[in-house]
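Worksheet: the structure to be examined is printed underneath.
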Amino acid sequence: MRYVILRDDDTNGLTPVECLERLYRPFLERGLPVNLATIPKVQTNVRLPDGRPEGFLGACGPDARETVGIDENPELVRYLQRNPGYQVVQHGYHHSVAEFDSHRRAEIRERLERGTAVLLRAGFPRPRTFVAPYDKLSAVSLAAASRRFAIISTGWFEWRRLPARWWPAYLLKKFRHRAHWRVGNVILLSHPGCLLSFHRPCAAILPAIQEQVRRRRLTVLVTHWWEYFRDGRPDQAFIEVLHRTAAYLADQSDLRVIAFEDVLSGQVPLN
Ligand SMILES: [Zn+2]
């Protein structure tokens with residue numbers, strides 16, 4: 022059996038319900054879980070290096086508030102709770118640029134804890150998986166997140182960015198060519214880049230997914246809901262690729278789409 026986790030990043034208090042519904046109804050109908058890496062309290066002035074608003078803000082439209090908590094959008098919270106196929110995991114706190122790419126221990130601890138508190142206040146279960154904004158974690162952030170979460174999902178791991186005491190386990194993972202590994206009680210999951218992205222030609226996306234899924238036991242597929250609604254308009258061709266992906270994943274008898282939580286059951290081999 023092979024396993025796939027679909028991770029959609031950047032849901033936040035300004036995400037329109039209809040965007041998620043349009044993208045993920047075909048997954049939910051087939052019983053395929055959708056893991057939403059959710060920004061607890063989005064900062065509305067995050068800019069790209071060229072000065073434009075961050076993509077997830079562009080798709081949301083302007084808002085006068087400086088930060089918006091997911092708990093300030095009861096319509097979205099209700100929608101997510103009514104559809105148990107959605108699994109909310111924690112995606113940073115404000116999603117500012119270098120939020121977890123820092124060595125300030127007290128600040129990092131505070132952001133982790135405040136982010137969790139917002140998700141709990143909204144009524145979601147305590148998140149056990151952490152995803153850092155831009156997949157950027159310092160050694161200090163990794164250590165702090167590993168004390169509070171059971172799973173950290175990120176792009177890849179570099180020894181220079183790991184707590185020194187993780188190095189022996191990391192060397193072993195490298196030596197065995199493992200995509201995913203454990204240190205103490207925390208499970209560390211990597212992913213093969215954002216395959217479901219508008220930066221790739223639509224025709225190349227599903228073949229790339231199929232190849233990656235064949236190559237490993239457990240594949241984390243990352244996408245971003247707002248990429249399908251750039252400039253407020255749905256990208257129909259790209260949405261169709263996502264829906265073809267849902268059909269492909271559901272039709273493989275040797276493949277199961279799971280939630281991050283399922284990895285914690287101990288029934289899913291990591292590699
Ligand atoms: Zn993000």
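Everything in the sequence shown is counted per the working numbering, starting at 22 for the first residue and increasing by one. Don't be surprised by glycine CBs; every beta carbon is placed ideally from N, CA and C. No experiment lies behind these values; they were computed from the predicted model shown.
Item: Coil, strand or helix - R280 by DSSP; Value: It should be pointed out that residue 280 corresponds to Ala in this sequence rather than to Arg. Here A280 sits in coil by DSSP.
Item: Residues near V109 in its chain [Cβ-Cβ closer than 6 Å; skip 5 each side]; Value: L57, T59 and F145
Item: Proximity test, D29 beta-carbon vs ligand 1 heavy atom, cut-off 7 Å; Value: no
Item: G90: first and last residue of the uninterrupted beta strand (DSSP E) it sits in; Value: T88 to G90
Item: Neighbourhood of N206 by C-beta, 8 Å cutoff - its chain only, sequence neighbours within 5 removed; Value: S167 and A171
Item: Beta strand (DSSP E) runs wholly inside the stretch 121 to 188, at least 3 long, in chain order; Value: 150 to 152 and 172 to 174
Item: CB of I173 within 8 Å of CB of F196, strictly; Value: no
Item: Opening and closing residue of the beta strand (DSSP E) in which A58 lies; Value: V55 to T59
Item: CB of V278 within 8 Å of CB of L285, strictly; Value: no
Item: Backbone CA spacing between H198 and Q233 [nearest angstrom]; Value: 15 Å
Item: Same chain, Cβ closer than 6 Å to H124, neighbours up to 5 away in sequence not counted; Value: S159 and V161
Item: Cα-Cα separation, P61 to L44; Value: 21 Å
Item: Closer than 7 Å: H220 CB and nearest ligand 3 heavy atom; Value: No copy of ligand 3 occurs in the structure displayed; its ligands are ligand 1 alone.
Item: Spatial distance of H113 from R28 (CA atoms); Value: For the record, residue 113 in the displayed sequence is Gly; it is not His. Those two C-alpha atoms are separated by around 14 Å.
Item: Sub-8 Å separation of V38 and Y107 beta-carbons; Value: no
Item: Assigned secondary structure, R68 (DSSP; H/G/I helix, E/B strand, else coil); Value: strand
Item: Beta-carbon proximity of L140 to I91, cut-off 8 Å; Value: yes
Item: Test item: CB-CB of L217 and L242 under 8 Å; Value: yes
Item: Beta-carbon separation (whole angstroms), P184 vs L163, contact threshold 8 Å; Value: 6 Å
Item: Cβ shell of N104 (< 6 Å), same chain only, five flanking positions each side left out; Value: L49
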